[in-house]
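Shown next, in structure tokens, is the structure this report addresses.
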Amino acid sequence: MTTITPKGTLYDTDYYRWVEETLDRLRSRDYEAIDWENLIEEVTDLGISQKQAIESLTTRLLEHFLKLAYWEAEREYNARKWRSEIVNFRRQILKSLRKSPSLKPYLRENYPECLEDARKSMSELFDLPIEIPITLDQALDEDWFPEIDSE
């Protein structure tokens, strides 16, 4: 069982030590001494964190696509940086999907919300069309970048 201190459980008072002790107990198969309630909560939170991370990366990726495609006033000065960020965000997303392929359906389902979040935040900086024609497949294609109007 988790060590009890005057202020509460080890989980509450020294998280890192709780993690180390929990790992030791799992490795030694001392299942009776495991703080199951907090362990289950932590594992659940790991899954939630993975989902939040891929949503955040996707939204940031889309924001940079929108900057590159539509923020004409800043494009000349920032296009290379934005393209670099696009490459970086895309690679992080693809790496996450390779490590956890079951996140792909989740991302596909939540992609419209990521796109709307990116559109909403970028619309505070520059004008955007109502419909943004960027598909998830395009966003994840390492060779794809949005077309740029050179008026």
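Quick note on this note's numbering: the sequence shown kicks off at 1233 and runs consecutively. The beta-carbon is built from N, C-alpha and C at its ideal position, and this holds for glycine as well.
Taking the alpha-carbon positions, what's the residue i to residue j distance?
i	j	result
LYS1313	LYS1336	27 Å
GLU1345	PRO1333	20 Å
PHE1321	GLU1264	43 Å
ALA1301	ILE1366	11 Å
ASP1246	ASP1359	49 Å
ARG1259	SER1281	24 Å
GLN1284	ARG1261	32 Å
ARG1249	LEU1368	41 Å
GLU1379	LYS1331	31 Å
LYS1327	GLY1240	39 Å
ILE1272	PRO1361	44 Å
Out of the options, which has the shortest C-alpha to C-alpha gap to residue i?
i	options	result
LEU1298	GLU1274, GLU1374 and LEU1347	LEU1347
SER1353	GLU1341, ASN1310, ARG1315 and HIS1296	HIS1296
VAL1251	PHE1358, ASP1267, THR1291 and ASP1375	ASP1267
LEU1329	GLN1370, ILE1286, ILE1362 and ASN1342	ILE1286
TRP1373	PRO1361, ILE1318 and LEU1357	It should be pointed out that residue 1373 corresponds to Asp in this sequence rather than to Trp. Nearest of PRO1361, ILE1318 and LEU1357 to ASP1373, Cα basis: ILE1318.
LEU1242	ALA1371, SER1260, GLU1269 and GLU1308	GLU1269
LEU1289	ALA1371, ILE1380 and ASP1375	ALA1371
GLU1363	ARG1351, ILE1325, ALA1311 and TYR1309	ARG1351
SER1355	ASP1375, TRP1303, LYS1331 and TYR1309	TRP1303
VAL1275	LEU1255, LEU1368, GLY1240 and ARG1323	LEU1255
LEU1357	ASP1369, GLU1306, ARG1249 and ILE1272	GLU1306
If you reduce the DSSP assignment to three classes, tell me which class residue i lands in.
i	result
THR1241	strand
GLU1363	coil
SER1260	coil
GLU1252	helix
GLU1356	coil
SER1332	coil
For residue i, does the count of other Cβ atoms within 10 angstroms reach 16, so buried, or fall short, so exposed?
i	result
GLU1253	buried
LEU1278	exposed
ILE1325	buried
Among residues of its own chain, excluding the 5 on either side of residue i, which ones have a beta-carbon nearer than 6 Å to its beta-carbon?
i	result
ASP1349	THR1291
LEU1339	ILE1286
Excluding the 5 residues flanking residue i on each side, which residues of the same chain have their C-beta closer than 8 Å to its C-beta?
i	result
PHE1377	PHE1297, LEU1300, ARG1315 and ILE1318
Once the 5 residues before and after residue i are set aside, which same chain residues still bring their CB inside 7 Å of it?
i	result
ASN1342	GLU1287
LEU1293	ILE1318, PHE1321, ARG1322, ILE1325 and ALA1371
ALA1311	LEU1300
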